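Have a look at the structure below before the remarks.
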Amino acid sequence: MGRFDGRVAVVTGAARGIGFGTAQRFADEGAAVAIIDLDDSAAAKAAASLGASKAIGISADVTDAADVDAAIERVVNELGGIHILVNNAGVTRDNLLFKLTEEDWDMVMGVHLKGAFLMTKAAQKHFVEQKYGKIVNLSSVSALGNRGQANYSAAKMGIQGFTRTLGIELGPFGINANAVAPGFIATEMTDATAARLKMDVEEFRKLNAEANPVRRVGFPEDIAAAVAFLASDEASYVTGQTLYVDGGAKLG
Ligand code: NAP
Numbered sequence: 027m028g029r030f031d032g033r034v035a036v037v038t039g040a041a042r043g044i045g046f047g048t049a050q051r052f053a054d055e056g057a058a059v060a061i062i063d064l065d066d067s068a069a070a071k072a073a074a075s076l077g078a079s080k081a082i083g084i085s086a087d088v089t090d091a092a093d094v095d096a097a098i099e100r101v102v103n104e105l106g107g108i109h110i111l112v113n114n115a116g117v118t119r120d121n122l123l124f125k126l127t128e129e130d131w132d133m134v135m136g137v138h139l140k141g142a143f144l145m146t147k148a149a150q151k152h153f154v155e156q157k158y159g160k161i162v163n164l165s166s167v168s169a170l171g172n173r174g175q176a177n178y179s180a181a182k183m184g185i186q187g188f189t190r191t192l193g194i195e196l197g198p199f200g201i202n203a204n205a206v207a208p209g210f211i212a213t214e215m216t217d218a219t220a221a222r223l224k225m226d227v228e229e230f231r232k233l234n235a236e237a238n239p240v241r242r243v244g245f246p247e248d249i250a251a252a253v254a255f256l257a258s259d260e261a262s263y264v265t266g267q268t269l270y271v272d273g274g275a276k277l278g
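Each residue of the sequence shown is one higher than the last, beginning at 27 in our numbering.
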């Protein structure tokens, strides 16, 4: 018997990286899973590879209200409901403040904050009706400030405030909302950072591992484990919290 038998989990930005690792974890523990991502065929391919009892891939832009509403409707119709929402879709547009453009700012705010808002608003209708729901939002250690990421750190700290407010407003309806704040996780997002810094990916990971108290980088499975705990009934007395999963990086 799996922890998520009979549950339907939706993970945004899940065609790869942390989102895919999280979707895999839900599938492995018995959930039906919807993978939402921009690219239709990438979402479908990722869903098919999960080996879940039921899984669908849906192409949607989380910043587009019509896309989001249609995606949630498809989940409910095709998977029979919705119980867990993971707001994971993300982008970076890094630059020092004096070079950061208005487009860089709007893009990052849009995907992380507006995206999480629209997805949560669409899902909470169902959660409130059934008096059950789990929301897990992806923040980041960068919420605490990071050179070259004024836009991203503002968005990721915004996610923490959003999560606390969801905890307050939705708690009376049997809904838990928490955030996970990863440190350095080996994905295409951090590989792109290496490329921008003109560094070899393996060298970049090695440097980050050496600087980390546990002397390794994180992997999507590390984040998936924390998300799964917060989305489980074992965490029903935990809400509004942000759990840093960073090997102790923020202690430094
Ligand atoms: P990733 O490998 O870049 O994957 C992000 C996924 O989100 C991609 O498949 C991307 O699709 C999708 N996406 C982007 N914009 C979207 C939109 N508007 N609508 C729907 N999907 C969209 O990133 P990751 O490293 O797995 O990161 C996942 C989450 O964890 C993000 O919120 C990120 O900020 C956070 N995080 C990551 C790290 C890290 O070290 N990796 C650390 C802290 C926090 P496309 O490829 O088509 O653009």
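Here a beta-carbon is modelled for each residue, glycine too, at the ideal position from N, C-alpha and C. Since this is a predicted model, take the numbers as computed values, not measurements.
(1) Where does D66 fall in DSSP's three states?
(2) With which residues is Y270 paired in a DSSP beta bridge?
(3) On the DSSP letters alone, give me the boundaries of the beta strand (DSSP E) that A81 sits inside.
(4) Assuming the contact rule is C-beta atoms closer than 8 Å, G39 and G116 should be a hit. Round their C-beta distance to whole Å, please.
(5) In chain order, which continuous runs of the alpha helix (DSSP H) of length 4 or greater are located wholly inside the segment 190-237?
(6) Contact check, A181 vs H152 under 8 Å by CB: the rounded distance?
(7) Looking at C-beta atoms only, is the number of pairs between the segment 223-242 and the segment 256-263 that lie closer than 8 Å three or more?
(8) Do V264 and the ligand NAP come close, with the Cβ less than 6 Å from some heavy atom?
(9) Pick out whichever of I185, V167, A176 has its Cα sitting closest to the Cα of N238.
(10) Under 8 Å by Cβ, that's how I've got L111 and I161 pegged, so tell me the actual separation to the nearest angstrom.
(11) Taking the alpha-carbon positions, what's the F30 to G77 distance?
(12) Work out the CA separation of E129 and V37 for me, nearest whole Å.
(13) Return helix, strand or coil for L157, following the three-state DSSP convention.
(14) Can you tell me whether N60 is helix, strand or coil according to DSSP?
(15) Take D66 as the anchor and find which of A41, A57, T219 has the nearest alpha-carbon.
(16) Quick one: complete alpha helix (DSSP H) runs, 4+ long, within the segment 83-117?
(17) Can you confirm whether the segment 43-50 touches the segment 245-252 when touching is taken to mean that 3 or more C-beta pairs between the two stretches lie within less than 8 Å?
(18) Helix, strand or coil for N163, going by three-state DSSP, please let me know.
(19) Tell me, please, whether the CB atom of M133 is closer than 7 Å to any CB atom in chain D?
(20) Which first and last residues belong to the alpha helix (DSSP H) in which A35 is found?
(21) Tell me the rounded alpha-carbon separation between E199 and K147.
(22) Quick check on the burial criterion: 16 or more other C-beta atoms within 10 angstroms. Buried or exposed for S262?
(23) Who pairs with N121 in a beta bridge, going by DSSP?
In short:
(1) helix
(2) A207
(3) 81-85
(4) 6 Å
(5) 214-222, 227-236
(6) So it is not a contact: roughly 26 Å between Cβ atoms.
(7) no
(8) no
(9) V167
(10) 5 Å
(11) 15 Å
(12) 26 Å
(13) Just to set this straight, residue 157 is Lys in the shown sequence, not Leu. Residue state, collapsed to three classes: coil.
(14) Checking the sequence, you will find Ala at residue 60 rather than Asn. Strand at A60.
(15) A41
(16) 91-105
(17) yes
(18) strand
(19) In summary, chain D is missing from the structure at hand, where a single protein chain is found.
(20) Premise fails: A35 lies in the beta strand (DSSP E), 34-38, not in any alpha helix (DSSP H).
(21) According to the sequence as given, residue 199 is Phe; it is not Glu. C-alpha separation (whole angstroms): 14 Å.
(22) exposed
(23) Q175
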